[in-house]
Amino acid sequence: MADNLRIALAGVGTVGAGVVRLLEENGSLIAKRAGRTIEVVAVSARDRAKDRGVDLSAYDWEDDMTAFAARGDVDVVVELVGGSDGPALALARKALENGKSLVTANKAMVAHHGLELAQLAEQSGAALRYEAAVAGGIPAIKGLGEGAAANRIERIYGILNGTCNYILSEMESTGRDFADVLAEAQALGYAEADPTFDIEGVDAAHKLSILAALGFGTRLDFASVDTSGISRIRAADIAQADALGYVIRLIGLADVSGSEESLQLFQRVAPYLVAKDHPLAGVSGPTNAVVCEGNFSGRLLFEGAGAGDGPTASAVVADLIDIARGSTPPPFSIPVSALEETAPADPGHRRNRAYIRMVVADKPGVLAEITAAMRDAEVSIESFIQHGQPDGDDAPVLIGMVTHESPEAAVSKALTLLEGSPSLVEEPLVMRLLR
Ligand SMILES: NC(=O)C1=CN([C@@H]2O[C@H](COP(=O)(O)OP(=O)(O)OC[C@H]3O[C@@H](n4cnc5c(N)ncnc54)[C@H](O)[C@@H]3O)[C@@H](O)[C@H]2O)C=CC1
Ligand SMILES: N[C@@H](CC=O)C(=O)O
Ligand code: NA
6 MADNLRIALA GVGTVGAGVV RLLEENGSLI AKRAGRTIEV VAVSARDRAK
56 DRGVDLSAYD WEDDMTAFAA RGDVDVVVEL VGGSDGPALA LARKALENGK
106 SLVTANKAMV AHHGLELAQL AEQSGAALRY EAAVAGGIPA IKGLGEGAAA
156 NRIERIYGIL NGTCNYILSE MESTGRDFAD VLAEAQALGY AEADPTFDIE
206 GVDAAHKLSI LAALGFGTRL DFASVDTSGI SRIRAADIAQ ADALGYVIRL
256 IGLADVSGSE ESLQLFQRVA PYLVAKDHPL AGVSGPTNAV VCEGNFSGRL
306 LFEGAGAGDG PTASAVVADL IDIARGSTPP PFSIPVSALE ETAPADPGHR
356 RNRAYIRMVV ADKPGVLAEI TAAMRDAEVS IESFIQHGQP DGDDAPVLIG
406 MVTHESPEAA VSKALTLLEG SPSLVEEPLV MRLLR
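Going by our numbering, the sequence shown runs without a break in its numbering and finishes at 440.
What follows is the structure in structure tokens.
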């Protein structure tokens with residue numbers, strides 16, 4: 006290996022340009038800490054002529070980024086393109102097969118193909134690092150995989166998507182519309198190329214599945230994450246949650262249960278009501294927070310910027326510094342062959358309090374019908390809010406109720422009993438209360 010750590014950058018968008026800027030500005034400090042200079046050798050992106058606010062003229066340009074995998078003057082390929090498959094995956098596979106280390110911010114690719122890539126890295130002796138893929142600038146991968154390595158991790162949860170957190174907290178503090186705030190999050194560089202990945206919870210599910218594999222030592226299982234997003238949340242839900250003493254946050258939550266021979270993995274991404282005095286309630290804007298509970302460390306909380314060019318570049322370069330130092334543990338902390346198989350846990354027995362929002366016809370008997378369904382499903386209601394309807398006597402009304410703690414299966418049963426009822430103008434929305 007040459008004295009300098011020679012890197013090739015695939016993708017020079019929000020994060021890639023941030024990496025170039027960071028290496029320019031902090032290069033000599035980083036060289037001292039890493040023990041050698043991190044040198045950009047070549048770059049590749051879709052449009053060579055685009056103004057990115059950084060000068061790329063000193064670097065070789067490759068139109069085809071997969072060429073990096075074959076270059077003798079490249080030690081590490083840094084993949085900042087995105088997409089679970091396509092050119093990013095082709096490059097990642099080739100680079101690792103050829104023994105080049107890979108640093109990536111691509112959670113979609115790691116969630117879908119992380120085990121295959123980790124195996125390729127094990128076979129060729131290359132490093133695979135993905136700190137930027139989970140919770141942006143927060144050292145969550147390092148914290149969980151190294152800092153908490155002595156613990157059995159029992160539960161991981163947190164706020165894993167900056168775009169959704171920005172949207173929810175802006176709606177909360179300004180009363181602005183969902184669409185306006187989403188456009189702003191996109192302009193600020195927080196959102197994915199396809200923002201439905203953010204708002205429908207998929208991006209957070211990618212990250213949660215990675216954290217679960219790393220923290221629990223289980224095989225990655227993105228497909229079984231129970232995923233819902235924030236697109237159905239209205240200003241009225243935020244106002245009702247506020248009146249009840251809660252804020253709404255998109256939460257990722259995972260735990261393992263059962264015996265070593267039959268482990269069950271629970272993974273969910275969904276909007277939750279978070280009590281205003283809970284540490285996650287104060288997390289606003291594009292900030293993320295990751296909580297892990299270790300059997301000796303107790304609760305660890307990592308908080309910081311989850312999206313944006315600077316923080317994400319900081320995580321990418323931290324991985325490069327580890328590679329330059331030769332300090333790279335296995336991608337999932339233990340060899341892929343030692344990761345435990347799990348089955349998806351059945352959430353029906355989980356006991357929660359839940360907020361249920363319904364939009365109902367404003368006519369006699371509707372509330373009786375709803376409360377009868379709750380009674381028949383053995384769900385008891387703790388509080389209930391109904392707002393007056395400004396649009397006239399016949400317009401539908403929005404009601405919100407909070408249940409006492411009950412099994413999720415019971416709430417599902419109540420909603421099944423109400424299915425098809427002419428009293429319900431739209432499908433009810435259930436948000437659980439975070440414990
Ligand atoms: N923006 C953020 O705050 C964060 C982004 N990430 C991840 O980092 C990666 C990059 O994200 P951004 O920089 O935001 O994206 P971006 O869209 O700003 O940049 C993507 C770059 O890849 C290039 N590219 C895309 N498709 C290509 C193709 N088919 N062939 C050649 N070049 C191609 C584009 O020209 C551009 O230079 C993604 O995996 C994203 O999920 C991770 C954490 C935070
Ligand atoms: N789109 C993502 C970017 C970082 O992972 C987010 O909003 O969190
Ligand atoms: Na991170």
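All residues carry an ideal CB built from backbone N, CA and C; glycine is no exception.
Anyone know if the C-beta pair for D203 and A210 falls short of 8 Å?
No, they are not a contact pair.
Would E127 pass as a contact of V341 if the rule is Cβ separation under 8 Å?
With respect to V341, E127 sits close: the two C-beta atoms are nearer than 8 Å.
At least three beta-carbon pairs within less than 8 Å, the segment 86 to 93 to the segment 294 to 309
no
Just to check, is the beta-carbon of K99 closer than 7 Å to a non-hydrogen atom of ligand 1?
no
For the segment 215 to 285, which segments carrying the alpha helix (DSSP H) assignment without a break, of at least 4 residues, lie completely within its bounds, in sequence order?
240 to 249
Would you say the beta carbon of G141 comes nearer than 7 Å to a heavy atom of ligand 5?
Ligand 5 is not among the ligands present in this structure, which contains only ligand 1, ligand 2 and ligand 3.
Pull up the distance between the alpha-carbon of G167 and that of A318, whole angstroms please.
A straight-line Cα-Cα distance of about 15 Å links G167 and A318.
Whose CA, out of A22, A373, T408, R273, lies closest to the CA of N357?
T408
So, with DSSP's three-state summary, where would you put N31?
helix
Kindly indicate which residue of E298, G311, F271, A248 has the alpha-carbon position closest to the one of K281.
The shortest C-alpha separation from K281 is found at A248.
Measuring only the C-alpha atoms, how far is M6 from S174?
In this prediction, M6 scores a pLDDT of 47, lower than 50, which makes its location untrustworthy; the coordinate-derived value is nonetheless stated afterwards. For M6 and S174, the distance between alpha carbons rounds to 47 Å.
Where S332 sits in the DSSP three-state scheme
coil
Rounded to whole angstroms, what is the Cα-Cα separation between Q269 and R437?
21 Å
Do R51 and ligand 1 come close, with the Cβ less than 7 Å from some heavy atom?
yes
Specify the secondary structure class of F337 as computed by DSSP and reduced to three states.
coil
If I'm right that A320 touches A137 with Cβ under 8 Å, what's the distance once you round it to whole angstroms?
Contact holds; Cβ gap of about 4 Å.
Just how far apart, CA to CA, sit A155 and E266?
22 Å
Return the Cβ separation of R98 and V46 in integer angstroms, given the expectation that the two are a contact with Cβ distance under 8 Å.
In fact, because the Cβ distance is near 21 Å, the residues do not count as touching under 8 Å.
For S49, tell me which candidate among S33, I35, V82, R38 has the shortest Cα-Cα distance.
V82
Just mark T201 as buried or exposed, buried being the case when its beta carbon has 16 or more other beta carbons within 10 Å.
exposed
With a threshold of 16 other CB atoms inside 10 Å of the CB of D351, please say whether the residue is buried or exposed.
By the neighbour-count rule (16 or more Cβ atoms within 10 Å), D351 is not buried but exposed.
Proximity winner among L85, K112, V86, F73, relative to E102 (alpha-carbon distances)
F73
With DSSP as the reference, label F73 as helix, strand or coil.
helix
Under 8 Å between C-beta atoms, does D182 make it to chain B?
Within the model displayed, chain B is absent; a lone protein chain is all it includes.
Which ranges would you report for the alpha helix (DSSP H) in the segment 140 to 226 if only whole runs of at least 4 residues count?
Entirely contained in the segment 140 to 226, the alpha helix (DSSP H) runs reaching 4 residues are, in chain order, 167 to 179, 183 to 192, 201 to 204, 207 to 221.
Taking 7 Å as the cut-off, is the C-beta of N300 nearer than that to any heavy atom in ligand 2?
Judged by the Cβ position, N300 fails to qualify as a neighbour of ligand 2 at the 7 Å threshold, every heavy atom of the ligand being at least this far.
Would you report the Cα separation of V139 and I164, rounded to the nearest angstrom?
11 Å
N9 by DSSP, collapsed to three states: which one?
coil
Put L85 into one of helix, strand or coil per three-state DSSP.
coil
Tell me the DSSP secondary structure of R440 in three-state form.
Reduced to three states, the DSSP call for R440 is coil.
Going by alpha carbons, who is nearest to V384 out of V371, A100, I361, D399?
I361
Candidates R224, E205, L285, R76, of which the one nearest D231 by Cα:
E205
For N300, count neighbouring Cβ atoms within 10 angstroms of its own Cβ and tell me buried if that reaches 16, exposed if not.
Classification for N300: exposed.
What does T376 pair with, by DSSP beta-bridge criteria?
The partner list for T376 (beta bridge, DSSP) is empty, contrary to what the question assumes.
Counting only the same chain and skipping the five closest in sequence on each side, list residues whose C-beta sits under 8 Å from that of E410.
R356, N357, R358
S62 and L219: beta carbons closer than 8 Å?
no
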